[in-house]
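In the working numbering, the protein residues as written are 50 to 296.
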């Protein structure tokens with residue numbers, strides 16, 4: 050299992066090979082063994098196999114080819130709809146129309162998503178997280194007919210790999226692990242921790258291709274711009290209000 054985790058990589062190209070329903074169910078069932086707040090399991094997983102539905106979903110993910118190329122797309126949702134209905138049918142008044150409850154359900158959904166990914170990779174499948182869900186949650190809600198109380202938080206494509214990509218870099222352990230309490234960074238420690246990332250040929254090319262001076266500028270000026278962050282923040286907040294998690 051440690052080898053599966055340490056050798057993992059994102060797969061964006063898949064073979065034209067379906068995933069048997071029995072195998073998919075086995076992987077999804079393993080995912081439901083993930084930790085969950087109070088054993089409420091306030092999440093849902095929408096499985097997309099249909100080609101027409103993939104066509105509808107594709108623009109929600111900026112037309113990244115994985116959506117159409119992968120045999121299975123999984124949309125993991127924070128879901129208090131089911132739990133609320135159960136409560137009301139059992140003479141219990143739910144009080145989950147608030148931001149804390151959304152966070153609870155989102156954490157549950159992400160724990161399940163990662164567990165499903167690990168199970169899939171252990172079975173020889175490839176996966177790719179798509180970071181576009183929180184940008185276009187409103188559109189995904191329409192495509193998947195998600196009712197009030199349900200918000201998509203992660204999408205994963207799943208299939209048999211048709212590529213062998215190199216592993217992308219990661220920061221060293223000391224960049225992300227703090228012992229006993231948070232140890233803030235100095236200018237020198239930042240330089241040291243990002244030295245290897247900035248020296249990689251592919252990242253240097255990334256800087257040059259985008260006409261920037263530093264790798265950090267690629268992130269702030271091109272990939273994750275302030276204006277975009279503010280726009281999509283508003284979209285997501287509107288979604289949370291519409292779906293019943295914010296007043």
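The beta carbon of each residue, even a glycine, is placed where N, CA and C say it ideally should be.
- At the C-beta level, residue 210 and residue 60 come within 9 Å of one another.
- Classified as buried, residue 198 has 16 or more neighbouring CB atoms from the shown chains inside 10 Å of its CB.
- Contact between the region 135–145 and the region 161–178 is absent, with fewer than three C-beta pairs closer than 8 Å.
- In its chain, beyond the 5 residues on either side, no residue has a beta carbon closer than 6 Å to the beta carbon of residue 104.
- Among the bridge pairs identified by DSSP, residue 201 is matched with 126.
- Taking all protein chains in view, the Cβ of residue 231 is surrounded by fewer than 16 other Cβ atoms within 10 Å, so the residue is classified as exposed.
- Residue 175: member of the beta strand (DSSP E) spanning 175–179, first to last residue.
- Beta-bridge pairing by DSSP links residue 189 to no other residue.
- Around the beta-carbon of residue 74, fewer than 16 other beta-carbon atoms lie within 10 Å, marking it exposed.
- In this chain, the beta strand (DSSP E) harbouring residue 97 covers 92–97.
- The C-beta distance from residue 158 to residue 202 rounds to 5 Å, short enough to meet the 8 Å contact threshold.
- The alpha-carbon separation between residue 131 and residue 185 amounts to approximately 23 Å.
- Taking a C-beta distance under 9 Å as the contact criterion, residue 183 and residue 281 qualify as a contact pair.
- Residue 85 sits in coil when the DSSP states are folded into three classes, being neither helix nor strand.
- As computed with DSSP, residue 63 is found in a beta bridge with 210.
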